[in-house]
């Protein structure tokens, strides 16, 4: 008999938290730090935040 319920992957949780934290840190440095961050890096950090949120959504919706 097969188990039909989807399995929660701990990798999705950890990678989601890492991507969300890293992207948020880069955006935080852009707005509150004295560092100059290129537009490309800022755009990539927003994409990283979105990917991290997607991974967390997949983990919690399973």
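In the numbering used here, the protein residues as written are 1430 to 1491.
By construction, the Cβ of each residue, glycine as well, lies at the ideal position given by its N, Cα and C atoms.
Residue i, enclosing alpha helix (DSSP H) - first and last residue
i, result
"residue 1472", "1468-1490"
"residue 1452", "1439-1461"
Own chain, CB closer than 6 Å to residue i, minus 5 neighbours either side, in chain order
i, result
"residue 1455", "1474"
"residue 1462", "none"
"residue 1467", "none"
"residue 1448", "1477, 1480 and 1481"
Residue i versus residue j - alpha carbon distance
i, j, result
"residue 1489", "residue 1469", "30 Å"
"residue 1436", "residue 1452", "27 Å"
"residue 1438", "residue 1450", "19 Å"
"residue 1491", "residue 1483", "12 Å"
8 Å Cβ shell around residue i - same chain, five flanking residues per side excluded
i, result
"residue 1458", "1464 and 1466"
"residue 1471", "1455, 1456 and 1459"
Cβ distance (whole Å) where residue i is taken to contact residue j below 8 Å
i, j, result
"residue 1487", "residue 1441", "5 Å"
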